[in-house]
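Protein chains in written order, with full-length UniProt numbering: chain A, 1 to 199; chain B, 1 to 199; chain C, 1 to 199.
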């Protein structure tokens, strides 16, 4: 198992937890919450694969992703009290999740020989569309309209990846550097309350 | 024409009617209602086919499905008064519809050589995503967050199908048994007001 | 560059502008607005291509479309004051946009040897689904439920195209005639306040 694979599973796990917590306190029962968690965790990667025409889809081919989602749902159900208090830690997990999904998405797109701009966009889509679908399902304003530097951090990180890739930085270094860039940018934006200007 | 084909057409017909009735009393004109009906009736199967990479899509290949939707729209327009009173009967139709779509979806997924867990999930998606898209379009809470045992009945029925399939129960018997299981589970849940616990 | 290609780019450009203006005055920052613009401009064509199984997607293959969207976003940001006053002109651009997308969508679908009914539906989907996704994202009632003769004008224009195509009217004439039909129908509907009857 490669480090990247482990990190992708971790990203999926974190997204599943965030899906359950998103409907917490709403009228949904736990099956609805599980459905939301599943869609949140696999939505971004699924859309990326559909856009690239990459079949079979990741979760259709590798059942591990389905069970990781179930594990995330179980975790969120059992430890929901603790997790509520750990919101800050969770936010860090989510940030790690979007960083990993972005870089993984860019890599996959590049393997389809698309241009660098498209690869960066696909990376961002992988990271944020799960959350967008989750928020649409539960009738909330999509996360990317609410948060400080979020989708934009993913797009920026995606661009860093394709730049370093062009400069022939080895793949493993690039993976770590680009993901760290996204995490740092996002943490900095939260700490310093950096936002894009309103329209 | 196989029995399954006829039943699938019947499911599509019922879903089209439910799409029209969903926007009834809202501000939509009848073209908007027809659009909603079309999306409701073909949405679940379309997503399943996109997820499996199954081309051409069912309704793109077989125009009968488009005309069945039009027939459902016409029925709902002409008999809307009567149908409003028949809500209980319609709910039974909807239940029959999700049962048929689930089993048909599982079968199709299995023909793509996916694992049994994936097949059951695809069956559920076929059955409920049309309604989810419909509710998202009209800005309502998706049906699967509102109703008693609904998507979960489909998932359970999908699992029954793959189990009986594994036990080499003949396809036709399996089809009838699994669909009946879903219908029974759903009716029981409605009669006895069984719900999943809230989160 | 063919005339059709130029007109398609113009349609994409207009849709990007309408995406930015749609979130104007809401709480979104300009990155969120740009994301919305991108999804609005490429959403309809993307869904059509997914439904047809047409890979690579138009914007994945031809980067020009991505830059045209960026140009539209820049235009909307810089001239937002002027554009607000030009709402009537913009509405004309939008009408031109849906007309071009419809005819382009029908042509593409026909190249996949689908039936004429499917081609007309694909044309309508190409034209209106970008707006539907935009409105779903920002939690508004989809445009096709609000406006006078909108999606229906596209469907009618799509049917005109397949009819003229059947009558062997040369492609270029057909393109102009069908697109003009849509524009005229829509302008007439707005001027005369023609609506479909409520349900």
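Backbone N, C-alpha and C define an ideal beta-carbon position, used for all residues, glycine too. For clarity, every value in this text was computed on a predicted model and none was experimentally measured.
_Under 8 Å, Cβ to Cβ, is there at least one residue of chain C near residue 130 of chain B?_
Cβ-Cβ to chain C under 8 Å: no for residue 130 of chain B.
_For residue 7 of chain B, which residues in the same chain have their Cβ closer than 7 Å to its Cβ, ignoring the five residues on either side in sequence?_
Around residue 7 of chain B: 100.
*Quick one: which chain B residues come within Cβ less than 8 Å of residue 63 of chain A?*
Near residue 63 of chain A (Cβ distances below 8 Å), the residues of chain B are 115, 117 and 118.
*Within this structure, are the beta carbons of residue 33 of chain C and residue 134 of chain C separated by less than 8 Å?*
No, Cβ-Cβ distance for residue 33 of chain C and residue 134 of chain C is not below 8 Å.
*Exposure of residue 105 of chain A, with buried meaning 16 or more beta-carbon neighbours within 10 Å*: Counting the other CB atoms within 10 Å of its CB gives residue 105 of chain A a total of 16 or more, which places it among the buried residues.
*CB contact below 8 Å: residue 152 of chain B versus chain A*: With respect to chain A, the C-beta atom of residue 152 of chain B has a partner C-beta closer than 8 Å.
*Identify the contact partners of residue 60 of chain C in chain A, using a Cβ-Cβ distance below 7 Å as the criterion.*
Here the neighbours are 51, 114 and 118.
*Whose C-alpha, out of A:125, A:174 and A:55, is nearest the C-alpha of residue 162 of chain A?*
Nearest neighbour of residue 162 of chain A by Cα position, chosen from A:125, A:174 and A:55, turns out to be A:174.
*asked:* Strictly below 7 Å CB to CB, what residues from chain C border residue 141 of chain A?
replied: Ordered by position in chain C, the residues that pass the 7 Å Cβ test against residue 141 of chain A are 139.
*State the DSSP-derived secondary structure class of residue 172 of chain C, mapped to helix, strand or coil.*
Helix.
_Does any residue of chain A have a CB that is nearer than 8 Å to the CB of residue 181 of chain B?_
Not an interface residue.
*Answer with yes or no whether the minimum CB distance from residue 170 of chain B to chain C is below 8 Å.*
Under the 8 Å criterion on CB atoms, residue 170 of chain B is classed as non-interfacial with respect to chain C.
_Cβ-based neighbour list, residue 13 of chain C, same chain, cut-off 7 Å, excluding 5 preceding and 5 following_ = Here the set comprises 68, 71 and 72.
*asked:* Within a Cβ cutoff of 6 Å, which residues of the same chain sit near residue 183 of chain B, ignoring the five residues on either side of it in sequence?
replied: Sequence-distant partners of residue 183 of chain B (beyond 5 residues in either direction) whose C-beta falls short of 6 Å from its own C-beta, in its chain, are 95 and 99.
*Hey, would you say residue 177 of chain B sits closer than 8 Å to residue 159 of chain B, going by beta carbons?*
It is not a contact, given that the beta carbons lie outside the stated cut-off.
*Within the 8 Å Cβ cut-off, does residue 57 of chain C reach chain A?*
Closer than 8 Å: yes.
_Residue range of the unbroken alpha helix (DSSP H) whose run includes residue 85 of chain A_ = Residues 80 to 85.
*Listing by chain order, which chain F residues have their CB less than 7 Å from the CB of residue 11 of chain B?*
The displayed structure is made up of protein chains A, B and C, and chain F is not among them.
*Can you give the Cα-Cα distance for residue 41 of chain C and residue 3 of chain A, rounded to whole angstroms?*
Cα-Cα distance, rounded: 37 Å.
_Contact set between residue 35 of chain C and chain A, taken where Cβ atoms lie within less than 7 Å_ = Within 7 Å Cβ-Cβ: 144 and 151.
*Terminal residues of the continuous alpha helix (DSSP H) containing residue 137 of chain A?*
Residue 137 of chain A -> alpha helix (DSSP H) spans 116 to 137.
*asked:* Whole angstroms are fine: how far does the CA of residue 185 of chain B sit from the CA of residue 226 of chain B?
replied: No answer is possible for residue 226 of chain B: the residues shown for chain B start at 1 and end at 199.
*Helix, strand or coil: which one does DSSP assign to residue 34 of chain A?*
Here residue 34 of chain A carries a helix assignment [DSSP, helix/strand/coil].
*Distance CB(residue 17 of chain C)-CB(residue 117 of chain A) smaller than 8 Å*: Against a cut-off of 8 Å, the Cβ pair of residue 117 of chain A and residue 17 of chain C comes out as no contact.
*Using DSSP with H/G/I as helix, E/B as strand and the rest coil, what is residue 65 of chain B?*
DSSP places residue 65 of chain B in helix when its eight states are reduced to three.
*Can you tell me the Cα-Cα spacing of residue 88 of chain C and residue 171 of chain A, whole angstroms?*
Going from the Cα of residue 88 of chain C to the Cα of residue 171 of chain A covers about 51 Å.
*Output the boundary residues of the alpha helix (DSSP H) element that contains residue 12 of chain A.*
Note, residue 12 of chain A: alpha helix (DSSP H), 3 to 23.
*State yes or no: is the C-beta of residue 31 of chain B within less than 8 Å of the C-beta of residue 196 of chain C?*
Contact: yes.
*Answer with buried or exposed for residue 15 of chain A, where buried requires no fewer than 16 other C-beta atoms within 10 angstroms of its C-beta.*
So residue 15 of chain A ends up on the buried side.
_Tell me which residues share the same chain as residue 112 of chain A and place their Cβ nearer than 6 Å to its Cβ, disregarding the 5 neighbours each side in the sequence._
Hits under 6 Å: 52.
*If we call anything under 8 Å between Cβ atoms a contact, is residue 151 of chain A one with residue 35 of chain C?*
Going by C-beta atoms, residue 151 of chain A is nearer than 8 Å to residue 35 of chain C.
*asked:* With a threshold of 8 Å between beta carbons, is residue 72 of chain C in contact with chain A?
replied: Not closer than 8 Å to any Cβ of chain A, the Cβ of residue 72 of chain C fails to qualify, so no.
_Please return the same chain residues whose Cβ sits closer than 8 Å to the Cβ of residue 169 of chain A, not counting the five positions on each side in sequence._
Contacts found: 177.
*From the DSSP output, in three-state form, read off residue 161 of chain C for me.*
If DSSP states are grouped into helix, strand and coil, residue 161 of chain C belongs with the helices.
_Among C:80, C:50, C:78 and C:46, the one whose alpha carbon lies nearest that of residue 65 of chain C_ = The shortest Cα separation from residue 65 of chain C among C:80, C:50, C:78 and C:46 belongs to C:46.
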